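Start counting the sequence shown at 31; every next residue gets the next number (the working numbering).
Cβ atoms here follow ideal geometry from the backbone N, Cα and C, with glycine treated the same way.
Quantities reported herein were computed from a predicted structural model and do not represent experimental measurements.
Reading through the structure tokens given below for one structure.
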Amino acid sequence: DYVFALSAPINEILSSDQPPLASPSPTMVVLCSYDVCLVQTRDIDDLISYARSMQKPALALKYALAHRREVRRHALDQLVDEYFISLLRLGRNRPQRALSY
Numbered sequence: 031d032y033v034f035a036l037s038a039p040i041n042e043i044l045s046s047d048q049p050p051l052a053s054p055s056p057t058m059v060v061l062c063s064y065d066v067c068l069v070q071t072r073d074i075d076d077l078i079s080y081a082r083s084m085q086k087p088a089l090a091l092k093y094a095l096a097h098r099r100e101v102r103r104h105a106l107d108q109l110v111d112e113y114f115i116s117l118l119r120l121g122r123n124r125p126q127r128a129l130s131y
């Protein structure tokens, strides 16, 4: 959570007992001699959302398991369910081969 230092006396800012609220990631301005871009930092939840939107549940689960503490918007059990559902669909779409003895 960001606080402008001159908006309140420093003892009021430091003595706050409430945890900082979840705030949107900061937007930064990147300047070049020919262009200006607004850039928003990304977090692990954005990577998981992107993997889910690309229909890659294994990748989404991999990201979530690697960064369990940082995941805020996704439930791990939901990601596991989506992964198992995709495995079941994968097995259903494979052509059945005749058994050879």
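- Closest option to Arg99, judged by alpha-carbon separation, among Thr57, Ile74, Asp65 and Val69: Ile74.
- Around the C-beta of Tyr93, 16 or more other C-beta atoms lie within 10 Å, and the residue is accordingly described as buried.
- For the stretch 74-100, the full-length alpha helix (DSSP H) segments reaching 4 residues or more read 74-83 and 87-96 along the chain.
- Ranking Thr57, Leu77 and Asp76 by CA distance to the CA of Leu68 puts Thr57 first.
- Bridge partners of Leu61 according to DSSP: Val66.
- In this structure, Lys86 is the residue among Lys86, Arg103 and His97 with its C-alpha nearest to the C-alpha of Arg119.
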